[in-house]
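Written out below as structure tokens is the structure these notes cover.
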Amino acid sequence: MALNYYPPCPQPEITYGLPGHTGSNLITILLQDDVPGLQVLRNGKWIAVNPFPNTLLSTLVTKFRYNLHPYC
Numbered sequence: 001m002a003l004n005y006y007p008p009c010p011q012p013e014i015t016y017g018l019p020g021h022t023g024s025n026l027i028t029i030l031l032q033d034d035v036p037g038l039q040v041l042r043n044g045k046w047i048a049v050n051p052f053p054n055t056l057l058s059t060l061v062t063k064f065r066y067n068l069h070p071y072c
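Going by UniProt numbering, the first residue of the sequence shown is number 1, and it counts up by one from there.
This is the structure in structure tokens:
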């Protein structure tokens, strides 16, 4: 489990936000605000997710890579 908290920036006019990244957790719960930036990869294209202030967004990983050991 990983928990992240990013407090409000005291000078938002001089910041760019977080660098692009992908989540690797099984379940992600995100408290949205009015700042856009969340994107999802669908059919090979990144699509913007419009924020809904003060809502919780949850995602669940649906694809896993695994190898079965042939001697199990």
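All C-beta atoms, glycine included, are put in the ideal place defined by N, C-alpha and C.
Pair within 8 Å by beta-carbon distance, Leu57 and Gln32: yes
(Q) Would Asp34 and Pro8 be called neighbours here (beta carbons separated by less than 8 Å)? (A) Not closer than 8 Å, so no.
Could you check whether Leu60 and Ile27 sit closer than 8 Å to each other, using their CB atoms as the reference points?
yes
Could you give the distance in angstroms between the alpha-carbon of Ala48 and the alpha-carbon of Tyr6?
21 Å
DSSP beta-bridge partners for Gln11? Bridge partners of Gln11: none, in fact.
| message | Give me, in chain order, the residues of the same chain whose beta-carbon lies closer than 7 Å to that of Trp46; leave out the 5 immediate sequence neighbours on both sides. | response | Gln39
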